[in-house]
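Engineer:
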Amino acid sequence: MQREKATSCESCAYYNIDEDSGLYVCSMELDEDEMVYFLQGRFDNCPYYSLYDEYAIVRKQN
């Protein structure tokens with residue numbers, strides 16, 4: 001089994017698991033053209049990308 005190429009979506013705060021399908025999806029409201037690029041894996045330099053950093057709150061408490 002070949003491993004898929006890692007993308008920036010995997011570390012994005014908007015890339016969440018869909019409870020109904022069990023698949024990871026982009027939860028950002030994308031327009032039709034953006035959704036096509038996302039589904040084709042050609043969504044480079046996403047303007048909505050936000051790094052998911054679960055430790056950011058802990059660093060602020062110190």
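Residues in the sequence shown are numbered from 1 upward in steps of one, following the numbering used here. Yeah, the Cβ is synthetic: ideal placement off N, Cα and C, and Gly gets one too.
Helix, strand or coil: how does DSSP classify L23 here?
Structural biologist: Within the sequence shown, the letter at position 23 stands for residue 23. Three-state DSSP puts L23 in coil, outside helix and strand.
Engineer: DSSP has C12 in a bridge; who is on the other side?
Structural biologist: As a first step, residue 12 is located in the sequence shown; it is residue number 12 there, counting from the start. DSSP lists L51 as partners of C12.
Engineer: How big is the Cα-Cα spacing for Y64 and S21?
Structural biologist: Because residue 64 is not part of the residues shown, which for the chain are 1 to 62, the question remains open.
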